[in-house]
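Plus 723 on top of the position in the sequence shown (first one is 1) and you've got our numbering.
Glycine residues also receive a C-beta, built at the ideal position from the N, C-alpha and C atoms.
To start, the structure itself, in structure tokens.
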Amino acid sequence: GDPALPGYRIRENANYIDSPDGQAFYEDQLYFPVANSEMAVNNFKNTKVYATADYSFGNVDWDLDFLYTNRNTIAEGWRQFFPQVGTPNFYSGDPGQFTDPFGFISLPVMPYISNSDIDVDYYYLSTGLSGVLNTDKFWSWQVYGSYSYSDGDYTRDSILASRSGDLRFDANGPVVNYFSTPILNGTDIQSLIDAVGVRHTGNTIYDQAQIVGILSGDLMELPAGTLGTAFGLEYRTFSIDDQPSIESRSGDLWGESSALVTKGDNSVIEAFLEADIPLIANKPGIESLTLNGSVRGFDYDKGGKDVVWKAGLNWQIIPSLRLRSTVGTSYRAPALFEQFLGNETSFADQFGIDPCIEWGLSNNENLRANCGSLGIPDDYNGGTASISATIIAGGGVDNLESETSDSFTAGFVFTPEGTDLNIAVDYFDITVNNQIAQLGAGSIVFGCYGGENFPNAFCDLVERAPASSENPFLILTVQNNFVNVNEQATKGVDLNMSWNVGFDAGDLQLEAQSTWVFENISRLFEPGAIEGFDEVDQAGRVSSPEVVANLLAAFSRNDWTVTYRAQYVSATDNEDIAPAQTTYQGIDPAFRDNTAEAVVYHNLSFFYAQDKWDVLVGINNLLDEAPATMSDGAGSTLRGNSPLFATQYDLFGRRVNARLNFRF
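What follows is the structure, encoded as structure tokens:
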């Protein structure tokens, strides 16, 4: 092992006859000081301007709202640059510098900046008229229109493939020495940027126009009360125009995808009806029983037509206890980006995408069985390193179906008389059909070869070279277009509680919210296709905790308020997709950390208010709880050693914030 880094095992390379000990090792750079400048959380700045106006013309009211925002997000990070070059090489025990006359390929690995700057301007204008009809019953009307426009530039630091010195893309070779220490350790990053770098910008424009008319009022009197209704018509049109940079469109970015123009538009007309129907009132055991119903029909230019509905029942049994339930459907046409995304191609290194490489060292029985059934040798090393897998992605305007959903909720609300206590418990069961998603190349390939069922529908998206080809068993292409996932379903319970109580010393406010997810199931592809996994319940996996909870306690006295907040996240793990026991560089068994621990975050704030001003000072993450850490290869994308998509964890640590408001 390495005494400077306990637990790290120096990686062995091939043996060399001339080496005194017959053994060579990779030259690993373990400590990159430049990595300390990487942002764990992006730098975000938001500017807003809001204006409103209104005027009354007798019985008609006019209003206008305008909003402008500018959002700027800066991310600074690092990536690896590893071009394939024909160049002199150094090895332990080798007689010295040499240049192989047959074009020996080397793979130097060096850090390179991965910075981005996103700047988005957003404009929104809305204006409308409203009034009340001169009738015996109360009827109101409203007509309004709105327009929104978003113009965003996205800038990125990249590597030009045509200047990379990579023999796959550049015939001229490197212009800097990729084997010099300052280049390899990143201390002379500017020379590398000058040689191969480019800062390029793309632009995306979204716009939407909307016209809405609504008529609402009391339709009639029923024995249990007034029947309230609302009718409406709505028309929307929206478009996207995404223009990637020239470098991206031409495919001249090393290690990144190419992208074509994404451009398209859509429109929809909708009609809706809502009703609040009192059924029973003032009967024993039924203070009130009310049915709320709505129906909405729509017709998309691209996305089909349908009718959705929702019904809700509220039963007030006694003043302190109410039962409630809802059932309904919904519909979502594919978004513009999902429909019209221009074809993108990217390249993935065989070592980074193929789980069948050296599958004999894996303890994943599914992987061993599936890779072996194809005749892939257990010591398969990825074949020709210079041939990458091509990842193909694009929109699905002609193939995507619209999403639909079915939902059911049932629960109760308890409000004891004589107290300001409110407790609500609701069960939910939501199923989304034909969910639109982009699965990701890595998930597709592992879903094929790591699945309990093989071959499966994932495998239809992966093309692998046959054993008889010049480069046997290489992954050639992976199709990563937007597709309809067959079903996404979740079930669970929501708890909400609030209690306000006054004391001589001041007022106490308590609030609590918690969600317990019983299941979070994804079923990919149609039922007739064989899925990659028998078990597709995501609940309890990293980034999908089973239980989350929030608590607020605020005590107010005169001009002061002290507030305590806590957030709880339950422990999660990836044991079902990345078992803790594994093989590491031939060591069996080895163990990796596939668990994100449970955590409670504590926050405290102090608020002082006067007529014309107020001030708030707070401390977030009071106990400085560190985010969960995991091992690489444990089934989650990491930022450092923290799971990137487990957004419940705080990456900042303990920090102080302050806010000062003036009113005039």
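field: Selection from L1233, K1028, Q1211, P1178 that minimises the alpha carbon distance to D1129
entry: Q1211
- prompt: Mapping DSSP to helix, strand and coil, what is Y1103?
  reply: coil
query: Where in the segment 1124-1176 do unbroken runs of the alpha helix (DSSP H), each at least 4 residues long, occur, reported from the N-terminal end onward?
result: 1164-1172
query: Does DSSP put E788 in a helix, in a strand, or in coil?
result: Here residue 788 turns out to be Asp, not Glu, going by the sequence shown. Three-state result, D788: strand.
- request: Output the distance between the C-alpha atoms of R1386 and F767, rounded to the nearest integer angstrom.
  value: 26 Å
Cβ-based neighbour list, V1240, same chain, cut-off 6 Å, excluding 5 preceding and 5 following: G1215, A1262, E1269
task: With a threshold of 7 Å, establish whether the CB of A1321 neighbours any heavy atom of the ligand ATP.
output: The ligand ATP is not part of this structure, which contains no ligands at all.
- prompt: Of all the options T770, L950, Y1287, L1144, which has the alpha carbon lying nearest to the alpha carbon of F861?
  reply: L950
Whether E993 touches R1019 by CB criterion (8 Å): yes
task: Thinking G1170 and G1105 are a contact (beta carbons under 8 Å), I'd like their distance in whole angstroms, please.
output: Between G1105 and G1170 the Cβ distance is about 20 Å, and since that is not below 8 Å, they are no contact.
As assigned by DSSP and simplified to three states, the class of R1019: strand
query: V1208: which of G936, L1233, Q1158, E997 sits nearest, CA to CA?
result: Q1158
message: At the level of alpha carbons, what is the spacing between G1225 and Q1232?
response: 9 Å
Touching by the beta-carbon criterion (3+ pairs, under 8 Å), the segment 1004-1015 and the segment 914-931: no
field: Per DSSP, cross-strand counterpart(s) of G948
entry: L945
- prompt: When burial is assigned at 16 or more other CB atoms within 10 Å of the CB, is Q1062 buried or exposed?
  reply: buried
message: Per the DSSP calculation, Y867 is bridged to which residue(s)?
response: G851, V935
- prompt: Going by other Cβ atoms of all chains shown within 10 Å of its Cβ, with 16 needed for buried, is N1179 buried or exposed?
  reply: buried
- prompt: How big is the Cα-Cα spacing for N812 and D1101?
  reply: Summary for N812: the model assigns pLDDT 42, below 50, so the residue's position carries little reliability, and this model does not support an answer.
query: Where does A1321 land, buried or exposed, given buried means 16+ other C-beta within 10 angstroms?
result: exposed
message: Here's a check: name, in chain order, each residue in its chain whose Cβ is nearer than 8 Å to the Cβ of G974, leaving out the five neighbours to either side.
response: A884, S981, T1068
task: Output the residue ranges of the alpha helix (DSSP H) runs that lie fully inside the segment 1010-1095 and measure 4 residues or longer, sorted by chain position.
output: 1059-1063, 1073-1076
task: Please say whether L1339 and R1377 have beta carbons closer to each other than 8 Å?
output: no
task: Look up G1215 in the DSSP assignment and give the residues it is bridged to.
output: F1151, V1240
task: Taking all protein chains shown into account, decide if A894 is buried (16 or more other Cβ within 10 angstroms of its Cβ) or exposed.
output: exposed
- request: State the DSSP-derived secondary structure class of L1184, mapped to helix, strand or coil.
  value: helix
Distance between I934 and M943 (C-alpha atoms, nearest Å): 29 Å
- prompt: Where does T924 sit, in a helix, a strand or coil, going by DSSP?
  reply: strand
- prompt: Exposed or buried, N1093, counting other C-beta atoms within 10 Å across all chains shown (16 or more means buried)?
  reply: buried
Rounded separation between K1025 and A932 - CA only: 17 Å
message: Here's the rule: buried if 16 or more other CB atoms are within 10 angstroms of the residue's CB, otherwise exposed. What is T1370?
response: exposed
query: Between the Cα of I906 and the Cα atoms of I963, M833, E997, which residue gives the shortest distance?
result: M833
- prompt: Looking at Q807 and L890, is the spacing between their C-beta atoms short of 8 Å?
  reply: yes
query: What is the rounded straight-line gap between the Cα of F1181 and the Cα of G1174?
result: 9 Å
query: Skipping 5 residues on each side, what residues in its chain have a beta carbon closer than 8 Å to that of T1238?
result: G1215, V1216, D1217, L1218, V1270, V1271, A1272
message: Just verifying my parser: in three-state terms, what is the DSSP assignment at R905?
response: Residue identity check: residue 905 is Pro in the sequence provided, not Arg. In the structure shown, P905 sits in a helix (DSSP, three-state: H, G or I).
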